[in-house]
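Structure record follows, encoded as structure tokens.
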Amino acid sequence: MHKAKAHRQARKAALEATIEQQRVDLLVAAEQWRSSAHRLDAGWQALRRYRSPALAAGALLLWAVARRPGAARRLGRRALLTALAARRLRRWLPRSP
Numbered sequence: 001m002h003k004a005k006a007h008r009q010a011r012k013a014a015l016e017a018t019i020e021q022q023r024v025d026l027l028v029a030a031e032q033w034r035s036s037a038h039r040l041d042a043g044w045q046a047l048r049r050y051r052s053p054a055l056a057a058g059a060l061l062l063w064a065v066a067r068r069p070g071a072a073r074r075l076g077r078r079a080l081l082t083a084l085a086a087r088r089l090r091r092w093l094p095r096s097p
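Numbering of the sequence shown is given in full-length UniProt numbering, commencing with residue 1 and proceeding in unit increments.
Structure (structure tokens):
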């Protein structure tokens, strides 16, 4: 009878030690997660700061495009051609060391 009780107590102690180690591991992992996600969270907060101005600018742009779709197409074509020309120039020009 005493052997069974001693065995149960030993098993209980082993399980409690395992649980305690798992808690410590979980706390360490949570801290690592927080520290690695800190930069991401800071970037997200910076984006959220500019949400209202970005929505207002998008609404104004949408309104202007809805009023004059031809002008928006011309502006888009010019922007695309400028970007392509700049990329081609960068390829052609020699890079300085």
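Backbone N, C-alpha and C fix where the C-beta goes; we use that ideal spot for every residue, glycine too.
- Secondary structure of residue 39 (DSSP, three-state): helix.
- One alpha carbon belongs to residue 59, the other to residue 24, and they sit about 50 Å apart.
- Here DSSP, grouped into helix, strand and coil, assigns residue 52 to helix.
- Shown here, residue 93 sits in coil according to DSSP, grouped into three states, outside any helix or strand.
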